[in-house]
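Trainee: Submitted below is the structure of interest, expressed as structure tokens.
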Amino acid sequence: MNTKEYFYLINFSPQEKELCQLEMKYILNSKPEGKYILSDIDTNPSRSPFIKEKISILFSGNSIEELVGQVIENKIAYEDFKVLYLKSGDGDVDYTERLKSVSAIGYVVQGEPSIHNPKIIIGISKIQDRWILGIYDKNDFKWHIHDSKPYSYSNALSLKLGKTLVNIAIGNNYNTKLVDPCCGIGTVVIEALDLGIDVKGYELNELISQNAQRNLEFFGFENVIKQKDMHTIEEQFDVAIIDMPYGIFTPTTVEKQNELIKSVSQFCKKLVLVTITNMDVVLNLEGFNIVDKCSVNKNNFKRYITVCEKF
Numbered sequence: 003m004n005t006k007e008y009f010y011l012i013n014f015s016p017q018e019k020e021l022c023q024l025e026m027k028y029i030l031n032s033k034p035e036g037k038y039i040l041s042d043i044d045t046n047p048s049r050s051p052f053i054k055e056k057i058s059i060l061f062s063g064n065s066i067e068e069l070v071g072q073v074i075e076n077k078i079a080y081e082d083f084k085v086l087y088l089k090s091g092d093g094d095v096d097y098t099e100r101l102k103s104v105s106a107i108g109y110v111v112q113g114e115p116s117i118h119n120p121k122i123i124i125g126i127s128k129i130q131d132r133w134i135l136g137i138y139d140k141n142d143f144k145w146h147i148h149d150s151k152p153y154s155y156s157n158a159l160s161l162k163l164g165k166t167l168v169n170i171a172i173g174n175n176y177n178t179k180l181v182d183p184c185c186g187i188g189t190v191v192i193e194a195l196d197l198g199i200d201v202k203g204y205e206l207n208e209l210i211s212q213n214a215q216r217n218l219e220f221f222g223f224e225n226v227i228k229q230k231d232m233h234t235i236e237e238q239f240d241v242a243i244i245d246m247p248y249g250i251f252t253p254t255t256v257e258k259q260n261e262l263i264k265s266v267s268q269f270c271k272k273l274v275l276v277t278i279t280n281m282d283v284v285l286n287l288e289g290f291n292i293v294d295k296c297s298v299n300k301n302n303f304k305r306y307i308t309v310c311e312k313f
């Protein structure tokens, strides 16, 4: 193969399909309809709440026999290896054939297998009429520990949504300079720091900002959150993520929300906005071009995610 290729298994609920598609567009350059993606982009599956497993493809062919031949020809050798079949949901063989394919590959790989404590896992799968083989990896879900932050609020962004917003905002540019100017309890900031992103957070409410800082300290992150009115921000950023305040802890009005958009337009080129109403007109008036949109439901509560960039 001339171009390196990667196979990703993804999973999402019907309510999350649009959100997952938007995230996949920005990190894998693909908007899937099904539960897998083939991409030339290499990314860590643990960065996404939707990616479950991955195969970094080494060989592909029209049959398992072709894969066996390629393994033999290339003298593939690993110590303490295991072979695993991943169901693509698109052209899979039955259980008996899956066992046979795993056995056939395992037999021709040089080295000693280790079923229970493998140091490396060889993944195989069948996608339509194509067989693939490569190095297997999976989401470690260690990021779920962030659900145990000591301070949280019922109206705060969920961990999954916060993580997804960061991925949409930065794509594959880990040098992005990111800001959450209404950071609340710090969900977005924590997920950005976890990816090693240069991020800052600002929160107007003194108590909430203090609790957000305590959340950062709890996870051992640098304190990058300040109590500050976002209208006074002078520093320039590449992208902002905003969960639009809607008046639960700090009184707000439509006029105040519009002013927030106006201020953001002064210090960032790109905005990922979360709202409970359509704000397209205001965004356009402040010089933002709407690039992508989706919605996500939580119980009977709908949030709209809008990705926009300066004209």
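Position one of the sequence shown corresponds to residue 3 (this note's numbering), numbered consecutively onward. Note that CB positions come from ideal geometry on N, CA and C, so glycine has one too.
1) Pick helix, strand or coil for M3, following the three-state DSSP scheme.
2) Short check: CB of K165 to CB of I123, under 8 Å?
3) Between Y138 and I57, what straight-line distance do the alpha-carbon atoms span, to the nearest angstrom?
4) In whole angstroms, give me the CA-to-CA distance for T234 and L209.
5) Find out if the Cβ-Cβ distance for the pair V274, L135 is shorter than 8 Å.
6) Nearest to V276 by alpha carbon, out of N175, S105, F303?
7) Could you say which of N213, Q212, N207, N217 lies nearest to L195 if we only look at CA atoms?
8) Taking 8 Å as the cut-off, decide whether the C-beta atoms of I53 and I107 are in contact.
9) Could you pull the start and end residues of the alpha helix (DSSP H) that T166 belongs to?
10) Can you tell me the Cα-Cα spacing of G188 and H118, whole angstroms?
11) Using a Cβ-Cβ cut-off of 8 Å (strictly less than) and excluding sequence neighbours within five positions of A214, which residues of its own chain qualify?
12) From L161, K140, Y155, pick the residue whose C-alpha is nearest to that of H146; which is it?
13) What are the boundary residues of the alpha helix (DSSP H) that E67 is part of?
14) From P16, E311, F9, S116, pick the residue whose C-alpha is nearest to that of I170; which is it?
15) From P115 to A79, what distance separates their C-alpha atoms?
16) Buried or exposed: S1, going by 16 or more other Cβ atoms within 10 Å of its Cβ?
17) Restricting to Cα atoms, I'd like to know which of P16, N286, Q112, I307 is closest to Q314.
18) From the DSSP secondary-structure annotation, give me the bridge partner or partners of L86.
19) Tell me which same chain residues have a C-beta within less than 7 Å of the C-beta of I66, skipping the five on either side of it?
Mentor: The relevant details are as follows:
1) Only weak support is given to the placement of M3: the predicted model assigns it a pLDDT of 45, under 50, and the value that follows is read from those uncertain coordinates. In this structure, M3 counts as coil in the three-state DSSP scheme.
2) no
3) 5 Å
4) 19 Å
5) no
6) F303
7) N217
8) no
9) 161 to 172
10) 39 Å
11) Y153, C185, G186, I187, G188, V191, G203, E205, I227
12) L161
13) 66 to 75
14) E311
15) 10 Å
16) In the structure displayed, the chain extends from 3 to 313; residue 1 sits before or after that span and is not available.
17) The structure shown does not extend to residue 314, since the chain spans only 3 to 313, so no value can be given for it.
18) G125
19) S103, A106, W133
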